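Trainee:
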Amino acid sequence: MKIGALLGDVFRSLFKPPATERYPVEKKPAPMRLRGKLVYDSSKCTGCQLCAKDCPCDAIEIITIDRAAKRFIMRYRVDRCTFCAQCVESCRFGCLDLSNEEWELASVQKDPFTLTFGSEADLEAFLAKTTGAQPEAETKP
Amino acid sequence: MEKSEPKKFVVPIGPQHPALKEPGHFEFEVDGEIVTGATARFGYVHRGIEKGAETRSWIQAMYLLERVCGICSHVHATAFALGAEKLAKVTVPPRAQAIRVLVGELERLHSHMLWLGVAVHEAGFDTLFMYSWRDREIVMDLLEGLTGNRVNYSANVLGGVKIDVDDKQRDDILKGLEVLEQRAQYYLKVVTTDETFLGRTRGIGTMTYEQAELLGAVGPTGRASGVKRDVRVEAPYAAYPDFPVNLITDTRGDLEARFVVRIKELFEAIRIIREILDKMPTGEIQTKMPRRVPEGETISRVEAPRGELLYYIRSAGGDKPDRVKVRTPSLCNWGSVLTTAVGHKLADMPMILSGIDPCFSCNDRAAIIRRPDQPAQAWDWESLRLHGIEYYKR
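Chains as they are written, first to last, in numbering that gives the first Met the number 0: chain A, 0 to 140; chain B, 0 to 393.
(1) Spatial neighbours of Ile-218/B within its chain, please: C-beta separation below 6 Å, excluding the five flanking residues on both sides.
(2) On a Cα-Cα basis, can you pick out the residue from Ser-314/B, Val-292/B, Leu-352/B and Asp-249/B that is closest to Leu-330/B?
(3) Between the alpha carbons of Thr-115/A and Glu-88/A, how many angstroms are there, rounded?
(4) Check distances from the C-beta atoms of the stretch 88-100 of chain A to those of chain B and list, in chain order, the residues that come in under 9 Å.
(5) Relative to the alpha-carbon of Lys-109/A, which residue among Leu-49/A, Ser-41/A and Arg-79/A has its alpha-carbon at the smallest distance?
(6) If distances are taken between C-alpha atoms only, which option among Lys-174/B, Glu-53/B, Ala-216/B and Thr-200/B comes closest to Arg-313/B?
(7) For a quick check, are the C-beta atoms of Asp-394/B and Gly-215/B less than 8 Å apart?
(8) On a CA-only basis, which of His-120/B, Met-279/B, Glu-143/B and Leu-63/B is nearest Arg-32/A? Give me that one, please.
(9) At 7 Å on the CB atoms, spell out the chain B contacts of Leu-33/A, in chain order.
(10) State buried or exposed for Ala-237/B, treating a residue as buried only when at least 16 other CB atoms are found within 10 Å of its CB.
(11) Pop quiz: Val-138/B and Leu-105/B are said to be a contact at Cβ under 8 Å. What is the actual Cβ separation, rounded to whole angstroms?
(12) What residue range is occupied by the uninterrupted beta strand (DSSP E) comprising Ile-388/B?
(13) So, at 7 Å on beta carbons, what are the nonlocal neighbours of Glu-49/B in its own chain, with the 5 sequence-adjacent residues on each side left out?
(14) Quick one: what does DSSP say Pro-11/B is sitting in, helix, strand or coil?
(15) Confirm the yes/no value for this check: CB of Glu-302/B, any heavy atom of the ligand MN, distance under 7 Å.
(16) Does Gln-181/B get closer than 8 Å to chain A when you measure Cβ to Cβ?
(17) Please list, in chain order, the chain A residues whose beta carbon lies closer than 7 Å to that of Ala-153/B.
(18) Check for me: the beta strand (DSSP E) holding Lys-20/B runs from which residue to which?
(19) Can you tell which of His-111/B, Thr-200/B, Thr-191/B and Asn-148/B has its C-alpha closest to the C-alpha of Leu-179/B?
(20) For Pro-219/B, which of helix, strand or coil comes out of DSSP?
(21) According to DSSP, is Arg-74/A part of a helix, a strand, or is it coil?
(22) Would Tyr-62/B pass as an interface residue toward chain A - the criterion being a Cβ-Cβ separation below 8 Å?
(23) DSSP on Phe-112/A, reduced to helix/strand/coil?
(24) Does Asn-362/B pass the burial test, meaning 16 or more other C-beta atoms within 10 Å, or should it be called exposed?
(25) Unbroken alpha helix (DSSP H) runs of length 4 or more, entirely within the stretch 164-249 of chain B: which are they?
(26) Using the Cα positions of Ala-256/B and Gly-221/B, report the straight-line distance between them to the nearest angstrom.
(27) Can you find the residues in the same chain that come closer than 7 Å, C-beta to C-beta, to Gly-103/B, ignoring five residues on each side of it along the sequence?
(28) Just to confirm the assignment, what range does the alpha helix (DSSP H) spanning Leu-115/B have?
(29) Along the stretch 44-60 of chain A, where does the CB come closer than 7 Å to a CB of chain B? Name the residues.
(30) Give me the chain B residues within the contact set of Pro-30/A, using Cβ-Cβ distance strictly less than 9 Å, ordered along the chain.
(31) Within the 8 Å Cβ cut-off, does Lys-287/B reach chain A?
(32) Classify Ile-388/B: buried if its beta carbon has 16 or more other beta carbons within 10 angstroms, exposed otherwise.
(33) So which residues on chain A does Val-395/B lean against when the C-beta distance must stay under 8 Å?
(34) Cutting at 7 Å between CB atoms, please list the residues of its own chain near Thr-45/A, excluding the five before and the five after it.
(35) Grouping DSSP H, G and I as helix and E and B as strand, with all else coil, what is Gly-306/B?
(36) Would the beta-carbon of Gln-285/B fall within 8 Å of that of Val-156/B?
Here it is in structure tokens:
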């Protein structure tokens, strides 16, 4: 490379906008298929447990509130999840999906990594059960 | 004064950060600046993946094996999936096979560009390192858009693939490939004409064809020495029978030839991706895979970016694999490093090491070398256990 060409490069670079992005201020839209946090639709769930069984990293737990009334809640460990989408494939009822919007999952505490999904009434029932007299009944399928 | 025998001077390199940011230990015997002997020791990142696969279901094992290597993760999952499907006698739809090859070739692009950056960085040519890693972002973004993940894409599922290619993705990939092709032309020009850089590569680490055959060099390392071997050509798997690959070889066998072969493979990968997108088979992308795989054993071979990757899979008829043995390409190429290192300057060692595109996490597999003067040894579970206990007593 000639010295002249080098100088041309230097001057051009002076007027170029920065190549970096102002990330927390400006966010690039995520691709459609980006695999972010898991989303659970408890109304379609039949409690077949296939997602929990196939999960390679033991991140999903389906807790039965009332099998006859098909009331289930899901406990999801974001810190264990590898975002492989096997659960989405395994679910035959389409109640699972990986969100492409919620992907900023960092946290300084451990608690936010354990998420519980389900309808409000079911969650309340679950909390009542876990804090009630028989705590060991909580995870019985 | 009594003259004493000159002692061997050994320069240890590693286990922390030997040329690359992965653990491996090397000892170079030197005479002044010239290396007269080399040994290597690995095993610092042994994670017990093969044993771990035996305790997981077939589906879970695929995701575990995908994590043997973070750079060529897709080929590991593909090798395992192809083997398991062969055992279960499941025929995967042609569209799924084509998508597997598509992701595999995109991965080859990203792996070769990553290697190019690392290798020129070892030569002190950081401008090209920045260029190639900047351009690698294009292919990373394509993979993210296609599969949803930037690394460990998890595109495979037993019995097919998870993702389909629609028109928008097709256009994105074609647009990205155009830029990448121009950039690859530029890299080829730089690595073959830049005088300072050629001083570090031309005639360094030369491995002849005979040496390559003797040492069992695989992949681009072997092909740079004229070894006409590529699993995609000699035993086409997945969709490679429909999309044939042109073998790229060189006869010089030095570091320059390895650069040229890998950059030419970029063009070849771009050509295959274009062909696949042009003639994508139609139809389903998944077929049903049984949870229990019938009893049997099989060998599955695929061409990883670093060379031939071999999986031995045995099923006892259950929902878990009975045995999975992985033979990774980097392991086969170390012999060539230790042999070609002799006679070169110590300062050339990082370049020779990175010239084979080593993947240290690939190396942590058990390998037993059978010497002609020693009887063959069969290791069963019990003798391995006892060996482990004895080994750690020291």
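We put the CB at the ideal spot given by N, CA and C, even for glycine.
These numbers were taken from a predicted model, which means no experiment stands behind them.
Mentor: Walking through what the data contain:
(1) Counting from 1 along the second sequence, the entry for residue 218/B is found at position 219. Position check: residue 218/B holds Gly in this sequence, whereas Ile was assumed. Same-chain partners within the cutoff: Arg-305, Gly-306 and Pro-328.
(2) By 1-based counting over the second sequence, the position of residue 330/B is 331. For Leu-330/B, the nearest C-alpha among the options comes from Leu-352/B.
(3) Taking the first residue of the first sequence as position 1, residue 115/A is located at position 116. Taking the first residue of the first sequence as position 1, residue 88/A is located at position 89. Using only the alpha carbons, I get a separation of about 21 Å.
(4) Glu-88, Ser-89, Leu-97 and Asn-99
(5) Looking up residue 109/A in the first sequence gives position 110. Out of Leu-49/A, Ser-41/A and Arg-79/A, Arg-79/A has the C-alpha closest to the C-alpha of Lys-109/A.
(6) Taking the first residue of the second sequence as position 1, residue 313/B is located at position 314. Residue Glu-53/B is the option with its Cα nearest to Arg-313/B.
(7) Here chain B has residues from 0 to 393 only, and residue 394/B is not among them.
(8) For the purposes of this step, residue 32/A is identified with residue 33 of the first sequence, where counting begins at 1. Taking only the C-alpha atoms, the option nearest Arg-32/A is Glu-143/B.
(9) The residue given as residue 33/A occupies position 34 in the first sequence. Within chain B, the residues near Leu-33/A are Glu-143 and Gly-147.
(10) Position 238 of the second sequence, counted from the first residue, corresponds to residue 237/B. Answer is buried; the Cβ neighbour count reaches 16.
(11) In the second sequence, counting from the first residue as 1, residue 138/B sits at position 139. In the second sequence, counting from the first residue as 1, residue 105/B sits at position 106. That pair is a contact at about 6 Å.
(12) Here residue 388/B is taken as the residue at index 389 of the second sequence, counted from 1. Note, Ile-388/B: premise wrong, no beta strand (DSSP E); alpha helix (DSSP H) at 380-392.
(13) Your numbering for residue 49/B matches position 50 in the second sequence. Hits under 7 Å: Val-323, Lys-324 and Val-325.
(14) On the second sequence, position 12 is the one that residue 11/B refers to. Strand at Pro-11/B.
(15) By its list of ligands, the structure shown contains no ligand whatsoever, and the ligand MN lies outside what it can speak to.
(16) Taking the second sequence and counting its residues from 1, the one referred to as residue 181/B is at position 182. So, not an interface residue.
(17) Within the second sequence, the letter at position 154 stands for residue 153/B. The sequence given here places Ser at residue 153/B; Ala does not occur at that position. Near Ser-153/B (Cβ distances below 7 Å), the residues of chain A are Cys-83 and Ala-84.
(18) Mapped onto the second sequence, residue 20/B falls at position 21. Here Lys-20/B belongs to no beta strand (DSSP E), and DSSP marks it neither H nor E.
(19) Along the second sequence, one-based indexing puts residue 179/B at 180. Answer by Cα proximity: His-111/B.
(20) Start at 1 with the first residue of the second sequence, and residue 219/B comes out as number 220. Pro-219/B falls in the helix class under three-state DSSP.
(21) Your numbering for residue 74/A matches position 75 in the first sequence. Looking at Arg-74/A - three-state DSSP - the assignment turns out to be strand.
(22) Reading the second sequence from its first residue, position 63 is the one you call residue 62/B. So, interface residue.
(23) Taking the first sequence and counting its residues from 1, the one referred to as residue 112/A is at position 113. If DSSP states are grouped into helix, strand and coil, Phe-112/A belongs with the helices.
(24) The residue you call residue 362/B lines up with position 363 of the second sequence. The residue is buried, with at least 16 neighbouring Cβ atoms inside 10 Å.
(25) 166-192, 194-200, 208-214, 218-222 and 230-233
(26) By 1-based counting over the second sequence, the position of residue 256/B is 257. By 1-based counting over the second sequence, the position of residue 221/B is 222. Their Cα atoms are separated by approximately 10 Å.
(27) Locating residue 103/B in the second sequence gives position 104, counting from the first residue. Once the five neighbours on either side are set aside, the close Cβ partners of Gly-103/B are His-73, Val-74 and Thr-77.
(28) Reading the second sequence from its first residue, position 116 is the one you call residue 115/B. Counting along the chain, the alpha helix (DSSP H) containing Leu-115/B begins and ends at 93-121.
(29) Asp-53 and Pro-55
(30) Reading the first sequence from its first residue, position 31 is the one you call residue 30/A. Chain B residues near Pro-30/A: Asp-140, Glu-143, Gly-144, Leu-145 and Gly-147.
(31) For the purposes of this step, residue 287/B is identified with residue 288 of the second sequence, where counting begins at 1. It does not: the Cβ of Lys-287/B has no partner Cβ on chain A nearer than 8 Å.
(32) As a working mapping, residue 388/B is identified with position 389 in the second sequence. Flag for Ile-388/B reads exposed.
(33) Residue 395/B cannot be examined here, being either before or after the span of chain B that is shown, 0 to 393.
(34) Translated into positions along the first sequence, residue 45/A becomes position 46. The answer, listed in chain order, is Lys-69 and Phe-92.
(35) Within the second sequence, the letter at position 307 stands for residue 306/B. Note: Gly-306/B maps to strand in three-state DSSP.
(36) By 1-based counting over the second sequence, the position of residue 285/B is 286. By 1-based counting over the second sequence, the position of residue 156/B is 157. Yes, these two residues count as a Cβ contact at 8 Å.
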